[in-house]
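FYI, the numbering for the sequence shown is 2 to 256, going by this note's numbering. Using N, Cα and C, we set each Cβ at its ideal position, and we do this for glycine too. Report on one structure; see the data block that follows.
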Amino acid sequence: MSHHLRRRAAVAVCSLLLAAGCGDDGDEAQTQGTVNVFAAASLTAAFEELGEAFTDANPEVEVVFNFAASSELVTQIGEGAPADVFASADTSNMTKLTDAGGAASEPVVVATNVLEIIVESGNPRGITGVADLADQDLVVVICAPEVPCGRYAADVLSAAGVAVTPKSLEQNVKGVVSKVTSGEADAGIVYRTDVIAAASDAEGVAIPADVNVLAEYPIAVTEQAANPEAAQAFVDFVLSAEGQAILASFGFLAP
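Shown next as structure tokens:
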């Protein structure tokens, strides 16, 4: 779906929901300055569109994104990186932030996601499920274990009773997608939203619910936020009906 069609679809969904929080300028009209948003790599496309919609409603605000693995982002914030908002792909990395006193607001889950096997377009190796990934002739890549998508992938493989020797461990989910879409790997385990974002460059093989995981995405304003007003306004926008519609248009599930 094109950017403009997706925006129209999001607005259409929004119009069917309760108007509260959707297009209500309220105090946001006074919001200004820069808001630095540190967000999980799997949120890239959706948050970029959210950022555009937010600045449409708040033209005095500039949103600057830093996308990476949640584990890397929380480390950067702990080392003093200038983050106003942190959006994680799991609760454990958000807990690291809150336990260290790094969150100024109570984290709120804004979306959920599930995992899927990503394969090359046309699925040339005929992969049908998790068990196939044990084939030693396949080049399988997953995220590193300290990264949320790596831990989730390990949970899936464990639940399915499948042993896989990955050919590489990527530092974020985009690395897995890149290896598969470029032909360097036959398959990987990523979020369903990443398969959707890859469009015609890849295909997805569903992972059954009984061995899948439900990834939760919490968001919070950081304690060190230089622009806490704009940061809270951005969080509120993500939670609004319009923000939720945009997330849904990229395949994210409701909180």
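Quiz item: If you pair each beta-carbon of the segment 197 to 211 with each one of the segment 67 to 83, do three or more pairs fall below 8 Å?
Solution: Below 8 Å, too few C-beta pairs join the segment 197 to 211 and the segment 67 to 83 to call them touching: fewer than three.
Exercise. Verify whether the separation of the beta carbon atoms of A41 and Y218 is less than 8 Å.
Key: Counting from one through the sequence shown, the residue named residue 41 turns up at place 40. Counting from one through the sequence shown, the residue named residue 218 turns up at place 217. In terms of Cβ geometry, A41 and Y218 form a close pair [threshold 8 Å].
Quiz item: In whole angstroms, what is the alpha-carbon distance linking G151 and V140?
Solution: Counted from its first residue, the sequence shown places residue 151 at position 150. Counted from its first residue, the sequence shown places residue 140 at position 139. Distance between the alpha carbons of G151 and V140 is about 16 Å.
Quiz item: According to the neighbour-count rule (16 or more other Cβ atoms, all chains shown, within 10 Å of its Cβ), is A101 buried or exposed?
Solution: Start at 1 with the first residue of the sequence shown, and residue 101 comes out as number 100. The residue is exposed, with fewer than 16 neighbouring Cβ atoms inside 10 Å.
Quiz item: Taking the continuous beta strand (DSSP E) assigned at P149, which residues delimit it?
Solution: For the purposes of this step, residue 149 is identified with residue 148 of the sequence shown, where counting begins at 1. Boundaries for P149: no beta strand (DSSP E) harbours it, while the alpha helix (DSSP H) harbouring it runs P149 to A161, taken from the DSSP string.
Self-check item: C-alpha distance - E224 paired with N94, whole-angstrom precision
Solution: For this step, residue 224 is matched to residue 223 along the sequence shown. For this step, residue 94 is matched to residue 93 along the sequence shown. Between the C-alpha atoms of E224 and N94 there is a straight-line separation of about 15 Å.
Exercise. May I ask you to report which of helix, strand or coil DSSP gives E185?
Key: Position 184 of the sequence shown, counted from the start, is the residue given in the question as residue 185. In this structure, E185 counts as coil in the three-state DSSP scheme.
Practice problem: Specify, as a first and last residue, the run of the alpha helix (DSSP H) that I197 falls within. | Solution: By 1-based counting over the sequence shown, the position of residue 197 is 196. Here the alpha helix (DSSP H) through I197 covers R193 to A199.
Quiz item: So which of K175, D57 and E53 has the shortest CA-CA distance to F66?
Solution: Along the sequence shown, read from residue 1 onward, the residue named residue 66 stands at position 65. Ranking K175, D57 and E53 by Cα distance to F66 puts E53 first.
Quiz item: Nearest CA to the CA of V222: which residue from D187, T56 and V239?
Solution: Within the sequence shown, residue 222 is the residue found at index 221, counting from 1. Ranking D187, T56 and V239 by Cα distance to V222 puts V239 first.
Quiz item: Can you pull the DSSP bridge partners for S169?
Solution: Residue numbering aside, residue 169 sits at position 168 when the sequence shown is read from its first letter. Under DSSP, S169 takes part in a beta bridge, and its partners are V142.
Quiz item: Taking the C-alpha atoms as reference points, what is the distance between A227 and Q233?
Solution: Taking the first residue of the sequence shown as position 1, residue 227 is located at position 226. Taking the first residue of the sequence shown as position 1, residue 233 is located at position 232. Cα-Cα distance, rounded: 12 Å.
Self-check item: Other residues of its chain near D187: CB distance less than 6 Å, five sequence neighbours each side excluded
Solution: The residue you call residue 187 lines up with position 186 of the sequence shown. Excluding residues up to 5 positions away in sequence, R126, L139 and V140 lie with their Cβ nearer than 6 Å to the Cβ of D187 in the same chain.
Quiz item: What residue range is occupied by the uninterrupted alpha helix (DSSP H) comprising N94?
Solution: The residue you call residue 94 lines up with position 93 of the sequence shown. Note, N94: alpha helix (DSSP H), T92 to D100.
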